[in-house]
Structures are given as structure tokens and as C-alpha cells.
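Protein chains in written order, with my numbering: chain A, 555 to 748; chain B, -18 to 580.
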Ligand SMILES: Cc1ncc(C[n+]2csc(CCOP(=O)(O)OP(=O)(O)O)c2C)c(N)n1
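Right, dumping it as C-alpha cells:
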């Protein structure tokens, strides 16, 4: 995540309500303060909750397009196991993948009409041997609130980055209500060490 | 100061910096946040209008009074506002008037993909199109300057990608707000009867020629000569995709997309070998460049539909797919958007799905009820269409059988359903209109409207009374039901279908999100595992809080089978359920009960 001539793309994906947009906002602020030009963009369906959500953060010395082309994502941060597979067109052989290895059933699975695909992690490991999988929701629960899974994922992402850990934490602190800061920093550390 | 801002935030900021004090809008994705953000600045006035036509008319009034005013809408809003738009182009504006319009390439949240640049040409109105947030901030200011300088309304065009992506903005200090100087009478300019309009018609043509000349030196139209073998004419967000895809190419970036700078285009063409026009949606620039007799590559390789990205452009030019890895994937179940748990629309549309009616629908969250398993809505064209269509359908059905209802949201009814209901009375219709009155504009993020009794700026005001309104228009059959009560709702609809004359049923219960915001929560429900027979009746409402689990997927102890064929039971997620009780009304064995404290 350091090459200053090139544009770096981080793609956050998952299900509405998981805090994906916020994670993208926080990363954008971090890279801006680290001195990069940045563009952030998101795609979400119409409903308030439950649909697919994605957020792109692109940074470098100069960024034109807020959207990457297919094959151009450097780091995919997926908040839900199966959702990872929807975005493989955007990856290349060198892409890094971080997965929250937990499931949220889509309606047709909930209604018993379709199975939840079972070989997700095998496919990912085959194409991305270095895939980093963690149980972010469970870790967030241990840190005090399962809704902090997005902070755990940011922690995991930070371990792939050369941007100073202090800057990540500084922005996190500013972005969150005071009483949630301590818990979130704990969640961040858990993700960073995972 | 540098700040990350969305295009919408930046447009609001730019208007504020410029001293604009008046904005009127009707919500519509992706434009909604512009007006919301603007309304929070010091010393400005901003309002939700009932629809886009009224928003534009209010802004025209404010500009005629000498102020700087903007009307804000999504692309289809311009269809509604088109009538005043085409003629304010004749009168000119006196003060400053900008129409901010946000298009939606890819139809992320719209019913069509129309390209507003056609309106700029059609109505003979100049249009600026920024490519990032800082340009958005600067261009809204330039738009107001242009409006005053040439006495014309000006369009500022955004797209979903600009409105909803963030980039770095450099803030300026706001300048002093310009107070409206007061309206000045001038019949030849403002009273568009034929004799006067003929005079203004000539002025419009001259104005567009003058602005065309101005466009030649306009700061937003920029030539960048790099490698001359590939020359690209582009504008707005497409510029960014093209810059990334072809960094070596030469560019003519148009900040003003109507009218075009012909001399500049010819000059650029002379300096490059192969000329491309790269624009999302319609070939608006391309057609005009061709009409200048210039050879150009455009829509024969670049798509008409959907938004672009750098990969789409590279593939169009080189023929090579940007996709790098192609694993074999299992089938991935979709995650379609759904009505929320506890949504009051769910009960109403369950009833429509069961009664054998054609529900002529409309636009709002409730449009989602067309999906399985509810299948309770049968058409969606544009805002307000439901009422007019239900009337036309019931008139056209010769056998007199009345099996049509028009169903419309509260905000949408106010937007464009009221006059259609009046039409039903006037033309002695037999059809039924149902307002799904959830007390908010939910679809676009919970905006107030004239029925809620609160303004955009949070002040209390009079709330429209649907019942009294309908009665005063001559609708004799008016009743209010609770859509979360299936029996009451079913009976009301059946009665009104059988009744003489037009009927209005108001299905009233607050949006589930409004309720959770007010901290008003009902206790969640649960399934008693020992009672559930696995009949799936509760599954048929498509509630995200209810799922179906096969026996082998359940934790111990596994409940006993109640019938030989039973394969599993329903399970309710207490964290999702808000206790609306629609599911429990369908349970024949009373297995769905309130969560007890000790559970
Ligand atoms: C002309 C036009 N303006 C705006 C929109 C965007 N839009 C679609 S539905 C809707 C309002 C929905 O509110 P309501 O009718 O109250 O239904 P709800 O979503 O609350 O169920 C809006 C603003 C549109 N599609 N067309």
C-alpha cells in the first residue's frame, strides 16, 4: 500500500448494515492525512438494509477515477464470506484478500429455497494463497459489541499498510462518539494482530 | 482548508460560498443530500416542495425577485418540472437561477436512464458538468455567475458517481449573501403571451449564440495536448475514467456541455490524429461534433447504457477484457433489497397478493412488494401513475368488473396523486385508491413532506389531512385502516371494491424506521418450537426476521414432528423482529408469541 506513483484501490464489500460505508470513510480520511490524493465511492441498492454494499477507496499522488476497472483492485476487504466471490472480477493474481469468515444468509437461503455455497474458502485459498481470514464479528463481540466488526476489519487491513498505526487510531478516535472509543481501539488491535 | 466531500456536499457548499440563499427541491436519489446539506448553512432558506415543478416555480419566483435561487432534482424530476423550465428559458431570470439535476447512469435507484443533457439542448439552457467534488463546488458558483451575466437559467448536471463519491475539496470563505432586490414589473419579459413570447424567442437564440462564443474561452473548457495520436473529447465523470484508461492521450475536457465551443473543438481536432468522444449515456456531444463534419469514434465502440469505469473504456478501444482471473464459481444467491422487518407496507401488499386484484402501483419503498413472495404490486411507471392508471383500467374493462386498485405512498400522493383522485370523482370512476401512509418519504431517507407537519428546516407547520381533502373533493367512501391488521385491511379493500363510486382507503401506520427513531418499540416475537407445524404460512410474507430451518440445522433439543411431512420449523431473529404481528396473524396454531423476559 505504499507505491506513490500508482493508484492503490481498496474495495470493501458486504451486506447493508455492516458498517462498510463508514469503514470506507475512515480509510479515506486516513490516507488523505497521510498525504495522498483520494477518491471514495460507494454502490448500494435501494433498501435501507440487507442488500449488497460496496465501497471503493482509491489513493495515490493523483487519482482521477473513483471507480477501479475490473482486475484493478489491490486489496479486497470482505465483511461476509460468500460476498467475497461476487467481486472476483475486480481482482488480479497479486490482489490481497481479507475476509470476515462469517455468514449472513440471503433471503432465499433463509427461506430454504437455495443452499449457501459451501466451498467459498477453498476457492479463495486456491486463487489467493495468502488470503487472510478472521472471525471479525466474533472478535468484535469479545471486544464488547458485535457491531464493531468493521473496526476489527480496519485493524486487519492496517496490518497490510505502511501508514503509521498512530494515524489509524487518531482518525478512529475522531470518527467515533467518545464513549465507544476505548472498545473500538480494542477491536482494532484484535484485528491488527489477527 | 482541505476536506473530503461528496459531490452533493460540495454543490451545497459552493452555493453557500457564493451567497445563495434560496433552494427548493423534491427528494430523489442521487440528488437528495444537496438540499439537506444546504439547509444547514447559516442564513439560507431551503424547502421541500411537493414536487419538482413546484420547486422550480418557487426558485423562479425567488430569482425574479432578484435573489440567487436553485431548484434541485433527480433526472426524472425534470420531466415533472419541464413545463415552467421551457418557458423560463424565454423570460430569463432577473436574479440568478440554477437547476441542479442529478442523472443516474446504471439506474442504481431509478426507473429509467434518461440523459438530462438532452433537456439542455431542447430547452436551450446552458449546462455545466463538473468531474469531481471540488469542481462541483466551483461550477455551481460559475453557474450562478453565468445565469446573471446572460440572464438565463443554467443547468448544473451531476451523476450518481459524482454526487455520491468523495474527493478532496478546498474550501473558500463564503461571500456576503445577496439579498433579493425585489420584483420589477416588465410585461414584455415576464408575461409570455404569444406576442411577447415571439419577441423573447429571438432573444433566446441570440443568447445561446452569445454563450457559445463565451464557451470558447470558458475556464472549464480545457485542452491538454499530450500524445497527439489519440484525441479525446469528454466531460464530467467520464473524463476521469478516460484519464485513467488513456493517460498518454490528448484531451478536450468540456466543463460546459451546452452549448459546445465549436472553434475550440475544430482546433483540437486539427491537433490530434484519431478523435474519440467518450460520454456516458446518449451521444449528445458526439452527434454535434459529427454535425460539424468532423470524423469521430464514439458510440460504435462505447456503450450507450450504464456508467463507465476505466476498464470498460480500455476494453472498448483495445477489445481486451480487463478481467484477470476467472475461477469457476458456485451459484451465488442474490441479495435483493427488501422491505424492513415491521414495515407497514408488508401487511397491505400481502392482502393485495391474496385478493385477485391488479394493483396499479407507484414509486416508493412499497414498489419492492412486486417481488416474491408478496407479489402484491403489478405496475410501476412514474410517480403518481397509479391513480390515473387504475381509473383508466377500470373504465376500459367492459364487463364492469372492478378488480383494480391504485396504490400510492403518502409522499407520492402529494407529489402527483391529488389531481388524479379529483379526476376519478369528476369522471365518476368506480376504482379504489389506497394511500400507504407511513408518515414519511421513506425511500429517499425519511424526508418530511406536507403531510407530516414538519418542514425541511425542522419547523412545525400545518399537516395535510388526507381524509378531509378527499371528502372535500367529493370522494364519499373514505376510510382509514391499519395495514398491520390483515383482517381489517382485507375487509376494507373488499368492501370498497364492491362499493359504487371512487373510494379512498388510507392504510396508515408509521414507517418501521421512523418508529425505531422515536424509540417506540414493540416487543419482538418468537416461534414456540414445540407448537410450530412447519406449514410456512409465516414465511409467505417475506420478512427478513423470519427464516426457515430444517430439523437438521437446529440446535438441540430438536422439536418433535407434528405431521409426518414436516421438515423443519420457522425461526424468528429477535434482534431483527420489531413485533409488528403480521406473521402471528397468519399462524394457525398460535405458535408465534411475544418473547418472554426469561427466554
Ligand atoms: C419525479 C420523481 N421524483 C422523485 C423520485 C424519487 N422518489 C421515488 S419514490 C419517492 C418517494 C417515496 O415516498 P412515499 O410515496 O411516501 O413512499 P415510501 O417510500 O415512504 O414507502 C421519491 C422521492 C422519482 N422516482 N421521480
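Every residue, glycine too, gets a C-beta built ideally from N, C-alpha and C.
By the 10 Å Cβ neighbour count, where 16 or more other Cβ atoms means buried, how is residue 236 of chain B classified, buried or exposed? Buried, since its Cβ has 16 or more Cβ neighbours within 10 Å.
Checking contacts by CB at 9 Å: is residue 617 of chain A closer than that to chain B? Chain B has a Cβ within less than 9 Å of the Cβ of residue 617 of chain A.
Anyone know if the C-beta pair for residue 36 of chain B and residue 6 of chain B falls short of 9 Å? Yes, they are a contact pair.
Residue -11 of chain B to residue 150 of chain B, Cα distance in whole Å? About 12 Å.
Can you give me the C-alpha to C-alpha distance between residue 16 of chain B and residue 528 of chain B, rounded to a whole angstrom? Going by the C-alpha atoms only, they are around 40 Å apart.
Whose C-beta lies closer than 6 Å to the C-beta of residue 570 of chain A among residues of the same chain, with five residues either side of it excluded? These residues qualify, in order along the chain: 603, 604, 605 and 607.
Between residue 498 of chain B and chain A, is there a C-beta pair that is closer than 9 Å? Chain A, which has no Cβ nearer than 9 Å to the Cβ of residue 498 of chain B, makes this no.
Return the CA-CA distance between residue 227 of chain B and residue 221 of chain B, expressed in angstroms with no decimal places. If I take the Cα positions, the gap works out to 10 Å.
Cutoff 7 Å; reference residue 699 of chain A; Cβ partners in own chain excluding five residues on either side: Closer than 7 Å at Cβ, skipping near neighbours: 737.
Can you name, in chain order, every residue of its own chain whose Cβ lies under 7 Å from the Cβ of residue 157 of chain B, other than the five neighbours on each side? Excluding five sequence positions before and after residue 157 of chain B, the CB atoms of its chain that fall closer than 7 Å to its own CB belong to 0, given in chain order.
So, is residue 616 of chain B buried or exposed, given that buried needs 16 or more other C-beta atoms within 10 angstroms? The displayed coordinates of chain B run from -18 to 580. Any statement about residue 616 of chain B would go beyond what the structure contains.
Is it the case that the stretch 503 to 511 of chain B contacts the stretch 535 to 553 of chain B, given that we only count it when at least three CB pairs across the two stretches are under 8 Å? Yes, they touch.
Using a Cβ cut-off of 9 Å, pull out every chain B residue sitting near residue 660 of chain A, in sequence order please. Neighbours of residue 660 of chain A on chain B, chain order: 313, 314, 315, 316 and 317.
Taking Cβ-Cβ distances shorter than 9 Å, what residues in chain B pair up with residue 623 of chain A? By Cβ distance, chain B contributes 222, 225, 226, 290, 291, 292, 293, 294, 295, 296 and 303.
Does residue 115 of chain B get closer than 9 Å to chain A when you measure Cβ to Cβ? For residue 115 of chain B, not one C-beta of chain A is nearer than 9 Å to its own C-beta.
For residue 233 of chain B, report the span of its beta strand (DSSP E) as first-last. It spans 230 to 235 - the beta strand (DSSP E) in which residue 233 of chain B sits, taken as one unbroken run.
Opposite residue 591 of chain A in the DSSP bridges: which residues? For residue 591 of chain A, which the question treats as bridged, DSSP gives the partners A:614.
Is there at least one non-hydrogen atom of ligand 1 closer than 8 Å to the beta-carbon of residue 33 of chain B? Yes - ligand 1 has a heavy atom lying nearer than 8 Å to the Cβ of residue 33 of chain B.
Using a Cβ-Cβ distance cut-off of 9 Å, determine whether residue 201 of chain B contacts chain A. Chain A, which has no Cβ nearer than 9 Å to the Cβ of residue 201 of chain B, makes this no.
Below 8 Å, is the gap between the Cβ of residue 646 of chain A and the nearest heavy atom of ligand 1? No, Cβ of residue 646 of chain A sits at least 8 Å from all heavy atoms of ligand 1.
When the Cα of residue 212 of chain B is compared with those of B:219, B:277 and B:367, which residue comes out closest? Measuring C-alpha to C-alpha distances from residue 212 of chain B to each of B:219, B:277 and B:367 identifies B:277 as the nearest.
Does the distance between the C-beta of residue 496 of chain B and the nearest non-hydrogen atom of ligand 1 fall short of 8 Å? Outside the cutoff, so no.
Beta-carbon proximity check, residue 456 of chain B vs residue 474 of chain B, cutoff 9 Å: Taking 9 Å as the Cβ cut-off, residue 456 of chain B and residue 474 of chain B do not qualify as a contacting pair.
Who pairs with residue 530 of chain B in a beta bridge, going by DSSP? Under the DSSP definition of a beta bridge, residue 530 of chain B partners with B:550.
Can you find a C-beta in chain B that's less than 9 Å from the C-beta of residue 642 of chain A? Closer than 9 Å to some Cβ of chain B, the Cβ of residue 642 of chain A qualifies, so yes.
Any heavy atom of ligand 1 inside 8 Å of the beta-carbon of residue 8 of chain B? Under cutoff, so the answer is yes.
Could you tell me whether the Cβ atoms of residue 395 of chain B and residue 430 of chain B are closer together than 9 Å? Taking 9 Å as the Cβ cut-off, residue 395 of chain B and residue 430 of chain B qualify as a contacting pair.
Would residue 580 of chain B count as contacting chain A if we go by Cβ distances under 9 Å? With a pLDDT of 49 at residue 580 of chain B, under the threshold of 50, the predicted position of this residue should be treated as unreliable, though the coordinate-derived value follows. Contacts with chain A at 9 Å (Cβ-Cβ) do not include residue 580 of chain B.
When the Cα atoms are used, what is the spatial distance from residue 532 of chain B to residue 540 of chain B? Straight through space, the alpha carbons of residue 540 of chain B and residue 532 of chain B are spaced by roughly 8 Å.
Sort A:594, A:615 and A:597 by Cα distance to residue 561 of chain A and report the nearest one. Selected option, being the one with the closest Cα: A:615.
DSSP three-state label for residue 258 of chain B, please. It is a strand residue.
Which bits of chain A does residue 235 of chain B rub up against, with CB to CB less than 8 Å? Residues of chain A passing the Cβ test: none, with the nearest at roughly 16 Å.
Using a Cβ-Cβ cutoff of less than 6 Å, which residues in the same chain neighbour residue 203 of chain B once the five nearest sequence positions on both sides are dropped? The residues are 234.
In chain order, which continuous runs of the alpha helix (DSSP H) of length 4 or greater are located wholly inside the stretch 169 to 222 of chain B? Entirely contained in the stretch 169 to 222 of chain B, the alpha helix (DSSP H) runs reaching 4 residues are, in chain order, 175 to 196.
Could you check whether the Cβ of residue 333 of chain B sits closer than 8 Å to any heavy atom belonging to ligand 1? Not so, every heavy atom of ligand 1 lies at least 8 Å from the Cβ.
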